[in-house]
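Asker: Input: one structure, supplied below.
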Amino acid sequence: MGRLNNKVAVVTGSATGIGAATVKLYAKEGATVVCADVNENDVQKTVDEVIQAGGQAEAYSLDVSKEESVSAFADYLKDKYGKIDILFNNAGIDQEGGKVHEYPVELFDRIIAVDLRGTFLTSKFLIPLMMDQGGSIINTSSMSGRAADLDRLRV
Ligand SMILES: NC(=O)c1ccc[n+]([C@@H]2O[C@H](COP(=O)([O-])OP(=O)(O)OC[C@H]3O[C@@H](n4cnc5c(N)ncnc54)[C@H](O)[C@@H]3O)[C@@H](O)[C@H]2O)c1
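Note that our numbering gives residue 43 to position 43 of the sequence shown, counting from 1, and the numbers run on in steps of one.
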C-alpha cells in the first residue's frame, strides 16, 4: 500500500527538476499525478517515465501565470476527477538577474507573474476542488526568501 493511494495530486512545474522528482515519488506512493507545465515535451517525458514504472500520471499544458489557462485547468480537473487531494505549487523561474540596480525589469515582471501570481492563481482556482474532502497545498520557496543572499545583493 502506498501512502497516497486513491489520491489525485497536481504538480506544477513538473517537466524537470524538483517537480519531476516529486511526481515520481508521489506516483510511487500510489497517487494519480497530473503533471502541469508550459514545457510540453519534457513534461510528457516525466509522465512516460512514471507510466513505464507502473504508476499513473498524465501531462497537462498549463501556464500558471495566465488566468484563463488556470481556470480551464480547474474545469478539466473537476470534470475528470471531481476533486484533487494535493496541490504542489512548484512552477517557477530560477534565473539569475544580477544586482538590483542592474536587474532587467522584464525578468522581474516575468518572475513575479510565474512564481507569485501563478501560485495565487492555481491556489484560487484549485482550492474549491479540495474543499469537500480536504487536502494539502505545498509551495516551493527558496532559502533566499528567508535570509539575504549577500553575494547577490552587494553593490
Ligand atoms: N533548484 C534550486 O536550487 C532552487 C532554489 C530556490 C528555489 N527554487 C525554486 O524551486 C522550483 C523548482 O526549481 P527547479 O530547480 O526544479 O527548476 P526547473 O527549472 O527545473 O523547474 C521549474 C519548472 O517550472 C516550469 N515553468 C516555468 N514557467 C512556468 C509557467 N508559466 N507555467 C507552468 N510551468 C512553468 C518550467 O518549465 C520547469 O519545468 C522553482 O520555483 C524554483 O524557483 C529552486
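Think of the CB as a built atom: it goes at the ideal place given N, C-alpha and C, for glycine as much as any other residue.
Does the separation of the CB atoms of I127 and I111 fall below 8 Å?
Answerer: Going by C-beta atoms, I127 is not nearer than 8 Å to I111.
Asker: Between which two residues does the beta strand (DSSP E) harbouring I56 extend?
Answerer: Note that residue 56 is Gln in the sequence shown, not Ile. Here the beta strand (DSSP E) through Q56 covers Q56 to S61.
Asker: Look at V11 and V33 and say whether their C-beta atoms are less than 8 Å apart.
Answerer: yes
Asker: Is it the case that the CB of V70 approaches a heavy atom of ligand 1 more closely than 7 Å?
Answerer: no
Asker: Who does D37 pair with in a DSSP beta bridge?
Answerer: S61
Asker: Return the residue from the list G55, A59 and D75 that minimises the CA-CA distance to A27.
Answerer: G55
Asker: Going by other Cβ atoms of all chains shown within 10 Å of its Cβ, with 16 needed for buried, is V64 buried or exposed?
Answerer: buried
Asker: Alpha carbons only, please: which of D115, N41, A21 and E96 is nearest the one belonging to K66?
Answerer: D115
Asker: Just verifying my parser: in three-state terms, what is the DSSP assignment at T32?
Answerer: strand
Asker: Could you name the residues of the same chain whose beta carbon sits closer than 7 Å to that of P104, not counting the 5 residues immediately before and after it, in chain order?
Answerer: G97
Asker: If I measure Cβ to Cβ from A123 and keep anything under 8 Å in the same chain, skipping five residues before and after, which residues do I get?
Answerer: Contrary to the premise, residue 123 reads as Ser rather than Ala in this sequence. If we look at S123 and ignore the five residues flanking it on each side, its Cβ neighbours are L87, N89 and I137.
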